[in-house]
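Accompanying notes for the structure given below.
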Amino acid sequence: MSSVIVPGTILSALVLLVIAAASYYYFEKLKDPTYQPKLRDIPAITAIKEGVGKSLEENKPVHYQMGASGGQLYSTLVSMTLVALTFLRYISRLCAEMGAKLIVHMPYQAESIPLIEGTTLEGYREAGKPEDFKRENLRYYGRGALTWTQGVTASFAQEGVGLNLAIGIFYSDCPISLEMAKYMNGLNVGGTGRWIMVYAFAMMCDYVFLGEEIYAAAAVVSQDRMMLVGMLIEEVGKFFVFLLLGLGLLLSLVGMDVVALFNM
Amino acid sequence: MSATWRTLVPTLIVSITALLVLAPFFINIPALNSVQSILNSWTVIISAVTGCALGLVYMTHAIYASYQRNKDMEQLVMGVTTYVFIALHLGLALTQSGGVNSPAYQWWYTVVYQNVGATVYAFMFFTLASSAYRTMILNSVEATSLAVGGLIYTLRQIPLFQTWFPWMVPLGEWILLVPNVGGSRGAVIAAALAATVYGVRTIWGKEISLREVS
Amino acid sequence: MSDRPAGEDENIIVKLGTLPPSKYFLVHLAGIILMFIPLIYPLGLPVQTSQVVIDYYNTIENLPEGSVVAVSFGASASLLDEQEAQFLATWKILFSNKLKVIFYSTTEDANIILERHLGTKVKPADYGYTYGVDYALLGYSPLGEAGQAAFVKNIRSVYPVDYYGTPLDNIPLMSNINTESGVDLIIFQYTSCTDVEWVIRQWVVPYNKPALITTLGCCGPMAAPYYPSQIRGFLSGSGAGTEIEVVSGFPGPGAAMSDSKSLGILPWLLSMLFANLAWFMRRK
Amino acid sequence: MADLLMGLVGTFFIVATLSVLWKDNIVFRFGQAAVMGAATAHYMIMSATSIQSMVLSQMQILPILGLILGLLMYTRLFKGIAWVSKYPSSVLVGVGIGVMLAGTIKGQILQQIGMTVGDLQTALYTTGDGMAILNSILIFIGVVTSLVYFLFTVEHKGTVGHIAKVGRVFLMISLGANFAGELVWYQTQMIGRLMFIIQELLVPLGLA
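Residue numbers (this note's numbering), protein chains in the order written: chain A, 14 to 277; chain B, 1496 to 1709; chain C, 58 to 341; chain D, 94 to 301.
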């Protein structure tokens, strides 16, 4: 038995089990059509609509970027790519409904292009205007964060910025595009789950999603109950973490090797 | 039928693939390890195949549309420049002995790509500086925390201030190793939980971001 | 935010603290000039060293002569300015301590940089090193975290031959080494901040292998939570590069940058001071 | 001569990139177009090289299946069959989800908790140093309060609001430290470019 189970994975399996059990509980609860999960307010969400309106008033395009390297589909950051796609669907639907021009700056991972195009088109379809979708507004700048940064900056400078919505996986290249959007008097709204880069959003955005808030915001903008209960499942996970922290503290005070315990 | 092939099958592919890749983390069965390694190699191959030309197609669309919108000489020159540099690099890689390792290819790659790459990062010094000038104002508890953390750790890294204020070094290290660790650990745990929930939901086939992608 | 431009009737401090972007360009220009001057006329300002850098140095120094060190080299050409001092000083310390070194590159650029630098700036032959006996270059393989996991279990699965195409079995240094057990210290040199988790998950947690890391300045905060229990010491950014040059006594490019950094930051710091003063004055 | 040419062309691209600090201009646009071409070509070449070494040089069934999946990505370009590209995309996402779940739970949740309480334990029982104890208590408070900030089902009012506010302070200090790390790094990059201009252009021209 011990040779089949990989050592040091028991506690991980337990966490996964807790999340899976909470998921099952809430998915079952969703069968009741009157059940409506609620989340606290996230001010940046309302700013997105405001930004599209501003773009229309100023006759400037809405820009959407998910990061130069935001098309990671087979890495540990894939969940952020999925969040970015949820926002892409939302912003393309919103732009189609309100009649604003949307420019999508695609990440350099070419393998993510089909999903991006499909998601954008889906947004236009949901708004009932698939004919408004134009492939030329999906911009690709070649491999590497640097060409991407230059391409986005050039697009901002040449086409103007009404709203710049930046959600996804961002690395050290993002300050330039965020600052350039600001320089062009665009409304900056954005966030990333990569903590190391959140500072750039906190400093340069008019409205920011701090770290994990992008996941919650994605649930809200999707208007999908399944996504919203996802946040409730996550809260269960957080309370489990509080429990582990408390338990760990107690055990450490009585002298148990807690580091080894959490490597179990 | 159509919904099955367009929706159900891709959802199943995601779930099964994810479980096959995840399983060897918990269970030690050689066959599972082999399957995992095949799937891993497929991801590299798929991304390489798309990297060969798909991006170029989309780039061409945007360049052509841009020229159609604004048929002036400058647009034409810029469009042509991109293709000249594509042709130059492809030509060197195909004709020079050693391909991308040939001195001619390396020369161009270094001169164009490395220089611009390094300069773009250099450029960011100015963007961050102007942004901090606008936002690092001590007008609230949060903004003050950001500004104090930022300024102390900046000064800690600058030799002149290390000399003038030697206490800046231990203070900067303290900022890095205590409040920074406390805050960033909380943020990392929270984001990891969110990612885990996304993962579980995707395996369950309930993830909306992949649903009905046209 | 003090982004409302100063009016005609406002004082000079408010005006300097609320410069519009078009005028803030002058602060950038002053910064460039002040960075440029010390590169021509160095000032030679002293440098303070921190414990984390001293720990990094001591970890290598305390290894017995002949110990094997693996260097996972994931540098990027466009980020070399930030890390070159760290790389050069580290390699000099390794060679001067007569340690056996296995270099393996994990990014496309890394191998080009490694070969160029070992051929010009830190020549192993100057330390009496022989290729294949005292050090080896395994070449480039696109190792992600999964690749690192493969490396620790079976080096030959990811690097069957060295950079020059020689099978590892024919290289004296490598003939008896194929897993992490043959390595006494791992030095992980990388540019993507989250990669620190790779060395923790693949080398430290399962094998308790002593680990050091060198990375960009911005990645220091991400590496800090793992020091000192899991990472014995780390160098983040060119500042730490200068410090390791001082600690080790091997001067390099970090020293030249040090003065330039000190002067170049001053216009920005001054502008920050004015921005805050302007805000307080307006509030009054 | 080749070195001087490298200095000249390299400096041109450095200046072209930086020139947007002044405003958008034709030199900047030219530089951008050139780099886009260089980067696209390099990506295409490296991708083709990977296919050559992983598929074409072996011609085995499994890599060929991977190649076919990759080619299916191109169906995106054709209206009627665009949905077929979901198949290879699904393989990529599936692998990503598996890899993510495997790495995240242990490394980013459990070990982070372990280190938070472990540091406190070490400070209390091994080091015994007052400062170390205080620091590890501060880290513990930082972790708990910042996690409270990320609670979305509870309104940030009353006690929870106060705790979340403390958490936000910890988060902001952390963001400040991240900012500082990046700022000085970018400054180093700028100095590096100035050094390039001095060494590759001004020195060969006898100007420095």
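From the three backbone atoms N, C-alpha and C, an ideal C-beta is built for every residue, glycine too.
Return the residues of the region 1503-1536 of chain B that lie within a Cβ-Cβ distance of less than 9 Å from chain D, sorted by chain order.
If the cut-off is 9 Å between Cβ atoms, the region 1503-1536 of chain B has Val1504, Pro1505, Thr1506, Leu1507, Ile1508, Val1509, Ser1510, Ile1511, Thr1512, Ala1513, Leu1514, Leu1515, Val1516, Leu1517, Ala1518, Pro1519, Phe1520, Phe1521, Gln1531, Ile1533, Leu1534, Asn1535 and Ser1536 near chain D.
Indicate the three-state DSSP secondary structure (helix, strand or coil) for Leu244 (chain D) in the structure shown.
DSSP places Leu244 (chain D) in coil when its eight states are reduced to three.
Residue range of the alpha helix (DSSP H) that Lys149 (chain C) falls in?
Counting along the chain, the unbroken alpha helix (DSSP H) around Lys149 (chain C) starts and ends at Leu137 to Ser153.
Beta carbon proximity, Thr1590 (chain B) to chain C, threshold 7 Å:
Not an interface residue.
How many whole angstroms separate the CB atoms of Ala70 (chain D) and Arg156 (chain A), which I take to be in contact at a CB cut-off of 8 Å?
A question about residue 70 (chain D) goes unanswered here, because the residues of chain D that appear run from 94 up to 301.
Is Leu191 (chain A) helix, strand or coil by DSSP?
The answer is helix: DSSP assigns Leu191 (chain A) an H, G or I state.
Mark Val177 (chain D) as exposed unless 16 or more other C-beta atoms lie within 10 angstroms of its C-beta, in which case mark it buried.
Around the Cβ of Val177 (chain D), a 10 Å sphere holds 16 or more other Cβ atoms; the residue is buried.
Classify Asp191 (chain C): buried if its beta carbon has 16 or more other beta carbons within 10 angstroms, exposed otherwise.
With 16 or more other Cβ atoms within 10 Å, it is buried.
Other residues of its chain near Tyr184 (chain A): CB distance less than 8 Å, five sequence neighbours each side excluded
Within the same chain, Gly80, Ala81, Ser82, Ala158, Arg207 and Met210 come within 8 Å of Tyr184 (chain A) by CB-CB distance, once the 5 residues on both sides are set aside.
Hey, is the region 160-170 of chain D in contact with the region 52-62 of chain A, meaning 3+ C-beta pairs nearer than 8 Å?
Under the 8 Å Cβ criterion, the region 160-170 of chain D does not count as touching the region 52-62 of chain A, having fewer than three qualifying pairs.
At the 7 Å Cβ level, is Asp219 (chain C) part of the contact set with chain D, yes or no?
Not one chain D Cβ lies under 7 Å of Asp219 (chain C).
Cα-Cα separation between Val75 (chain A) and Leu1672 (chain B), rounded to whole angstroms
Near 40 Å, if we compare the C-alpha coordinates of Leu1672 (chain B) and Val75 (chain A).
Identify which residue in A:Glu135, A:Pro20, A:Ser168 and A:Val31 has its Cα closest to the Cα of Leu256 (chain A).
Nearest neighbour of Leu256 (chain A) by Cα position, chosen from A:Glu135, A:Pro20, A:Ser168 and A:Val31, turns out to be A:Val31.
Please state if the CB of Glu225 (chain A) and the CB of Phe289 (chain D) are separated by a distance shorter than 7 Å.
Taking 7 Å as the cut-off, the Cβ atoms of Phe289 (chain D) and Glu225 (chain A) do not count as close.
C-beta neighbour in chain C for Trp176 (chain D), strict 7 Å:
For Trp176 (chain D), no CB of chain C lies under 7 Å from its own CB, so it is not counted at the interface with that chain.
Mind checking whether Tyr39 (chain A) and Leu178 (chain A) have CB atoms under 7 Å apart?
With a cutoff of 7 Å on beta-carbon distance, Tyr39 (chain A) and Leu178 (chain A) are scored as not near each other.
Could one say the Cβ of Asn118 (chain D) lies closer than 7 Å to chain A's Cβ atoms, at least one of them?
It does not; no Cβ of chain A falls within 7 Å.
With a Cβ-Cβ cutoff of 7 Å, do Ile198 (chain D) and Ser25 (chain A) count as a contact?
Pairing Ile198 (chain D) with Ser25 (chain A) gives a Cβ-Cβ distance under 7 Å.
Could you check what DSSP says for Ala268 (chain C) in three-state terms: helix, strand or coil?
Assignment of Ala268 (chain C) by DSSP, reduced to helix, strand and coil, places it in the strand class.
Continuous alpha helix (DSSP H) stretch holding Gly173 (chain A): start and end
Gly173 (chain A) -> no alpha helix (DSSP H), and no H or E assigned at all.
Compute the Euclidean distance between the alpha carbons of Met14 (chain A) and Phe253 (chain A), then round it to the nearest angstrom.
Confidence at Met14 (chain A) is low in this model, with a pLDDT of 47, below 50, so the placement of that residue is unreliable and no value is reported for it.
Leu1515 (chain B) versus Gly196 (chain D) - alpha carbon distance
Cα-Cα distance, rounded: 15 Å.
Which same chain residues end up closer than 6 Å to Thr99 (chain A) when comparing Cβ atoms and leaving out the 5 residues on each side of it in sequence?
Excluding residues within five positions, the ones whose Cβ falls inside 6 Å are Ala231 and Ser235.
Looking at the structure shown, is Gly103 (chain D) part of a helix, part of a strand, or coil, going by DSSP?
Looking at Gly103 (chain D) - three-state DSSP - the assignment turns out to be helix.
Looking at the C-beta of His1584 (chain B), does it have a partner C-beta in chain D at a distance below 7 Å?
For His1584 (chain B), at least one C-beta of chain D is nearer than 7 Å to its own C-beta.
So the beta strand (DSSP E) Leu195 (chain C) belongs to, where does it begin and stop?
Leu195 (chain C) -> beta strand (DSSP E) spans Tyr192 to Tyr197.
Is the Cβ of Met279 (chain C) closer than 7 Å to any Cβ of chain A?
At least one chain A Cβ lies under 7 Å of Met279 (chain C).
So, is Asp45 (chain A) buried or exposed, given that buried needs 16 or more other C-beta atoms within 10 angstroms?
Classification for Asp45 (chain A): exposed.
Within 7 Å, strictly: CB atoms of Gly274 (chain D) and Gly274 (chain C):
Contact: yes.
Using a Cβ-Cβ cut-off of less than 9 Å, list which residues of the region 97-110 of chain D approach chain A; keep chain order.
Residues of the region 97-110 of chain D with a C-beta atom less than 9 Å from some C-beta of chain A are Thr110, listed in chain order.
Please confirm whether Ala196 (chain A) has its beta-carbon closer than 7 Å to some beta-carbon of chain C.
For the sequence presented, residue 196 (chain A) should be read as Tyr rather than Ala. It does: the Cβ of Tyr196 (chain A) has a partner Cβ on chain C nearer than 7 Å.
Hey, how far is the Cα of Phe160 (chain C) from the Cα of Val117 (chain A)?
Cα to Cα, Phe160 (chain C) sits roughly 41 Å from Val117 (chain A).
From the DSSP output, read off the bridge partner residues of Gly118 (chain A).
Contrary to the premise, residue 118 (chain A) reads as His rather than Gly in this sequence. Per DSSP, A:Gln78 and A:Arg152.
By Cβ distance, which residues of its chain are closer than 7 Å to Thr106 (chain C), with the 5 residues on each side in sequence left out?
Correct list, in chain order: Glu300, Val303 and Val304.
Note down the Cα distance separating Lys114 (chain A) from Arg106 (chain A), rounded to an integer number of angstroms.
Across the structure, Lys114 (chain A) and Arg106 (chain A) are spaced so that their CA atoms are roughly 11 Å apart.
Going straight from the alpha carbon of Met58 (chain C) to that of Thr1697 (chain B), what length do you get?
The pLDDT assigned to Met58 (chain C) is 40, lower than 50, so where the model puts this residue is not dependable; a value taken from the coordinates is nonetheless given after this. The alpha-carbon atoms of Met58 (chain C) and Thr1697 (chain B) are separated by roughly 42 Å.
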